[in-house]
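Heads up: the sequence shown at position 160 corresponds to 191 in the working numbering, and the numbers run straight through without jumps.
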Amino acid sequence: MDGTRTDREETPIGVDIGEYNIYTACPIDLPDWRGAHAVCGDDLCQRLDDFRREAAAVLASSYDRPTIAAYVQQRRDALVAALDAAARTVCEYATAYDDPVLVTEDSHYSPDLWAWLTAPNAHRGSTWLLSAAHLRLRTVAAEYRLPVAAVPEAYSTQECHACGVLGTRELNTIVRCTNSNCHVDTVAADCNAAKVLARRYYPGRCCDYRPDESSHPGDRPALAADGGRPD
Numbered sequence: 032m033d034g035t036r037t038d039r040e041e042t043p044i045g046v047d048i049g050e051y052n053i054y055t056a057c058p059i060d061l062p063d064w065r066g067a068h069a070v071c072g073d074d075l076c077q078r079l080d081d082f083r084r085e086a087a088a089v090l091a092s093s094y095d096r097p098t099i100a101a102y103v104q105q106r107r108d109a110l111v112a113a114l115d116a117a118a119r120t121v122c123e124y125a126t127a128y129d130d131p132v133l134v135t136e137d138s139h140y141s142p143d144l145w146a147w148l149t150a151p152n153a154h155r156g157s158t159w160l161l162s163a164a165h166l167r168l169r170t171v172a173a174e175y176r177l178p179v180a181a182v183p184e185a186y187s188t189q190e191c192h193a194c195g196v197l198g199t200r201e202l203n204t205i206v207r208c209t210n211s212n213c214h215v216d217t218v219a220a221d222c223n224a225a226k227v228l229a230r231r232y233y234p235g236r237c238c239d240y241r242p243d244e245s246s247h248p249g250d251r252p253a254l255a256a257d258g259g260r261p262d
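And the structure:
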């Protein structure tokens, strides 16, 4: 399912997809971040890096094309199985809530494993991992009969989940809220993004504010991510 639905009391479960954590999931009303669910991406990223290095040697060898294709398919199947296992933990987590709806970024990219294996400037996340993780989550969610909604991704990794003001990223794993009136100081970026995505399931929560980098912070009040002034 794409888009939003408001005809019943659903529980949006935001699912941020990345490399540091393949999946990070949480609902809007989560009193304690310890209740969020995260699947570390270190192992999958390492396996992809190893695969790229080993594939380069295989492609440069004297093996025939069918042998190489079978090798690549075998390794791909193992990676997909790992993604499916991770996605199942997200779905199991979601089923603990009433009428859960998984909410992800609106991704239009297609995974291209051959590009990752052969293109010298390819990035594992944008080339294969993130789009593959999106597709596998949808596939596994269908097995669980869980609906999946897609929402705009703009600034979802920067918007403060509490007040909607665009914060700053620190060390790529932390978001610092720049709104002095907000109770949030810093928050884990993946957890924050998951809650932002869950909030965007409801109409009117799409971020459409692009900061003017030429302005000075004191020139005007901070704007919320939906274009309005923060509370």
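C-beta: ideal position from N, C-alpha, C; glycine also. Since the model is a prediction, treat every value here as computed from it, not as a measurement.
Alpha-carbon to alpha-carbon, residue j and residue i
{"i": "Ala-125", "j": "Tyr-94", "result": "45 angstroms"}
{"i": "Val-89", "j": "Ile-99", "result": "7 angstroms"}
{"i": "Val-179", "j": "Glu-50", "result": "21 angstroms"}
{"i": "Glu-40", "j": "Pro-234", "result": "14 angstroms"}
{"i": "Asp-129", "j": "Asp-73", "result": "31 angstroms"}
{"i": "Ser-162", "j": "Gly-198", "result": "26 angstroms"}
{"i": "Glu-174", "j": "Asp-47", "result": "20 angstroms"}
{"i": "Thr-170", "j": "Glu-184", "result": "20 angstroms"}
{"i": "His-214", "j": "Phe-82", "result": "44 angstroms"}
{"i": "Ala-118", "j": "Ala-164", "result": "8 angstroms"}
{"i": "Arg-96", "j": "Tyr-102", "result": "10 angstroms"}
{"i": "Cys-222", "j": "His-139", "result": "23 angstroms"}
{"i": "Arg-106", "j": "Ala-69", "result": "24 angstroms"}
{"i": "Val-111", "j": "Glu-123", "result": "18 angstroms"}
{"i": "Tyr-232", "j": "Arg-176", "result": "18 angstroms"}
{"i": "Thr-209", "j": "Val-196", "result": "7 angstroms"}
{"i": "Asp-239", "j": "Ser-92", "result": "Only weak support is given to the placement of Asp-239: the predicted model assigns it a pLDDT of 43, under 50, and the value that follows is read from those uncertain coordinates. In a straight line, the C-alpha of Asp-239 is about 51 angstroms away from that of Ser-92."}
{"i": "Asp-115", "j": "Arg-207", "result": "32 angstroms"}
Residue range of the alpha helix (DSSP H) that includes residue i
{"i": "Cys-222", "result": "220-230"}
{"i": "Leu-114", "result": "96-125"}
{"i": "Cys-76", "result": "73-90"}
{"i": "Ala-150", "result": "Here Ala-150 belongs to no alpha helix (DSSP H), and DSSP marks it neither H nor E."}
CB of residue i within 8 angstroms of CB of residue j, strictly
{"i": "Leu-79", "j": "Ile-53", "result": "no"}
{"i": "Asp-143", "j": "Thr-158", "result": "yes"}
{"i": "Leu-168", "j": "Thr-217", "result": "no"}
{"i": "Ala-86", "j": "Leu-160", "result": "no"}
{"i": "Ile-59", "j": "Arg-230", "result": "yes"}
{"i": "Trp-64", "j": "Ala-219", "result": "yes"}
{"i": "Ala-225", "j": "Ala-127", "result": "no"}
{"i": "Thr-55", "j": "Pro-131", "result": "no"}
Delimiting residues of the beta strand (DSSP E) encompassing residue i
{"i": "Val-206", "result": "205-207"}
{"i": "Leu-133", "result": "131-136"}
Cutoff 8 angstroms: residue i Cβ touching any chain D Cβ
{"i": "Asp-95", "result": "Note that chain D does not occur in the displayed structure, where there is just one protein chain."}
Supposed contact pair residue j and residue i - C-beta distance, whole angstroms, cut 8 angstroms
{"i": "Leu-133", "j": "Ser-187", "result": "The Cβ separation is near 15 angstroms, so there is no contact."}
Legend entry - Segment contact, 8 angstroms Cβ cut-off, at least three pairs: the stretch 145-159 with the stretch 197-210: no
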